[in-house]
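Using UniProt numbering, you'd call the opening residue of the sequence shown number 1 and step up by one each time.
Ideal placement from N, C-alpha and C gives every residue a C-beta, glycine not left out.
Because the structure is a prediction, the values reported are computed rather than measured.
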Amino acid sequence: MQTQYRSAGGRIFMVRHFDRVKCEAALKVPYLQKTVRRAVLARLKKLRAFDREFAQESARQVDAHVTGEKKC
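Right under this line is the structure:
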């Protein structure tokens, strides 16, 4: 990731599109600005919440399929 020419605001904007791998890599960058670090941590939290929600929904669909329930 090239960051030499980007402002903190530009890096924070980029974080909005990061996946988990990019977030984890960004946290390993030395001297990462606090605001950028907070944005990365917030993005990771959002991704984890999405993963949990997706897993729960998938489990509900599997349970419904196994028991023969129909979902509206």
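Cβ neighbours of residue i in the same chain (closer than 7 Å, five flanking residues each side left out)
| i | result |
| --- | --- |
| A8 | Q33, T35 and V36 |
| M14 | none |
| Y31 | none |
Same chain, Cβ closer than 6 Å to residue i, neighbours up to 5 away in sequence not counted
| i | result |
| --- | --- |
| residue 74 | Because the chain spans 1 through 72 in this model, residue 74 falls outside it and cannot be assessed. |
| A26 | V40 |
| F18 | R43 |
Simplified DSSP assignment, three categories, for residue i
| i | result |
| --- | --- |
| L27 | helix |
| G65 | One detail in the question is off: residue 65 reads as His in this sequence, not Gly. Reduced to three states, the DSSP call for H65 is helix. |
| R6 | coil |
| R16 | coil |
| K56 | The displayed chain sequence assigns Gln, not Lys, to residue 56. It is helical. |
| L32 | coil |
Closest Cα partner of residue i within the set the options
| i | options | result |
| --- | --- | --- |
| R16 | F50, K28, Y31 and A42 | A42 |
| K45 | C23, G10 and M14 | C23 |
Same chain, Cβ closer than 8 Å to residue i, five either side skipped, listed in chain order
| i | result |
| --- | --- |
| I12 | T35, V36 and A39 |
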